[in-house]
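Counting from 10, one number per residue, gives the positions in the sequence shown under our numbering. Note that beta-carbon positions come from the ideal geometry of N, C-alpha and C, so glycine has one too. Quick caveat, the model's predicted, so the values are computed rather than measured. Reviewing the structure listed below.
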Amino acid sequence: MNSSFPRSPSPVLLNIGGKKYATTIDTLTQRDPDSMLAAMFSGRHTISCDSETGTVFVDRDGKHFRHILNWLRDGVLPMLKDSEYQELLREAEYYQLLGLVDHINTYLNKKKDEDGSGPELTRTEIIKCIQSERVRFRGVNLSGLNLSKLDLSFVDFSFACIQKTNFSNANLQKAKLGDVQAEGSIFQEANLRECEFIGANLRAVVLDKANLQSANLQDADLINCSFCEADLRTAHLQGAKLTDANLQGANLEGANLKGAKLNGANLQGANLQRAYLRDVDLRDTKLDGAKLGGANLLGAIR
């Protein structure tokens, strides 16, 4: 039976995917008048309902519809598990309840921040910290911050999350960055002399013109990194993954690259004099113009 629903004190009976609900026209139309539910029961449209009971059937999962009704009644977000919020969000989007959609997204974003997915400190707080002695940011999430030009020498960042963080022109001499997650960060022209990067994830990091003299990058993941014109003299790169890295014009004089993966890397114009390249993977490596005088290439894969 087709029917319209003018305003009346009589309850509206709903069958949402097999679950039965009773409510009123005011509940369905007043809180979010631009929603699909408000349009259905505005009286402007004819909708199908059961000829005997007058129940309106909606082909959706009825599990969370009680939360939809409670939102329409009092505007309060229910207490649910995170996975259930995602389910309720889908239902709210289907019914075009934009107010409820905004509340769910706000809650989920706040929860995400509280769970540590965003930076735990601001640039200002970090500046205050480094004014004291023996600064440690071990395991702290500093992702996405702008820490350029700061004096971060000797600071302990071990196990920290510093993805997409800007350290350009910063002084990180002798800083500890072992096992950090720094994918996509920028260290352009930074002072990284004698830094420790053992086991660090530095994928796609920009280190152009950085000072990495005697830095320890042993077993670091340096895939797709850019080291253009970087100073890597006497750096420790044993076992480092440098696949597809750009080392054009870099100074690697006396660097230890034993067992490093340099396949597909760009070493054009690089200085590899007296470098230790034993057992290095040099397949598809670009070496045009590279200086190899005195380099140890015993067992290198070419």
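Which class does residue i belong to by DSSP, given the choice of helix, strand or coil?
i: Phe74; result: helix
i: Gln39; result: coil
i: Ile232; result: coil
i: Lys270; result: strand
i: Val215; result: strand
i: Glu203; result: coil
i: Tyr103; result: helix
i: Val314; result: The structure shown does not extend to residue 314, since the chain is modelled only from 10 through 311, so no value can be given for it.
i: Asp253; result: coil
i: Asp288; result: coil
Give me, in chain order, the residues of the same chain whose beta-carbon lies closer than 7 Å to that of residue i; leave out the 5 immediate sequence neighbours on both sides.
i: Ile195; result: Asn175, Phe176, Ser177 and Val215
i: Asp290; result: Lys270, Leu271, Asn272 and Ile310
i: Leu281; result: Leu261, Ala299, Lys300, Leu301 and Ala304
i: Leu109; result: Trp80 and Ala101
i: Thr243; result: Gln222, Ser223, Gly263 and Ala264
i: Leu98; result: Val110 and Ile113
i: Arg132; result: Leu154, Asn155 and Leu156
Which residues does DSSP pair with residue i in a beta bridge?
i: Lys295; result: Asn275
i: Lys90; result: In DSSP, Lys90 forms no bridge with anything.
i: Leu22; result: Ala31
i: Asn210; result: Gln190 and Asp230
i: His245; result: Asn225 and Asn265
i: Lys300; result: Asn280
i: Ile310; result: Asp290
i: Arg240; result: The sequence shown places Asp at residue 240, not Arg. Bridge partners of Asp240: Asn220 and Asn260.
i: Asn118; result: Bridge partners of Asn118: none, in fact.
i: Asn305; result: Tyr285
i: Ile113; result: DSSP, once it has assigned bridges, lists no residue as partnering Ile113.
Give every residue of the same chain whose Cβ lies closer than 6 Å to the Cβ of residue i, excluding the five residues on either side of it in the sequence, and list them in chain order.
i: Leu107; result: none
i: Gln105; result: Ser44 and Met45
i: Leu37; result: Leu46 and Phe50
i: Arg147; result: Asp165, Ser167 and Phe168
Beta-carbon within less than 8 Å of residue i's beta-carbon, same chain only, minus the 5 sequence neighbours each way: which residues are those?
i: Val85; result: Asn79
i: Thr129; result: Just to set this straight, residue 129 is Glu in the shown sequence, not Thr. Answer for Glu129: Val149, Asn150 and Leu151, listed in chain order.
If we require 4 or more residues per run, which alpha helix (DSSP H) segments fall completely within the segment 132 to 186?
132 to 138
Does the segment 221 to 234 come close enough to the segment 245 to 264 to have 3 or more Cβ pairs within less than 8 Å?
yes
Within the chosen definition, does the segment 60 to 73 reach the segment 23 to 33 through at least 3 CB pairs nearer than 8 Å?
yes
I'd like to know if the segment 221 to 231 and the segment 202 to 211 are in contact, where contact means that at least 3 CB-CB pairs between them fall below 8 Å.
yes
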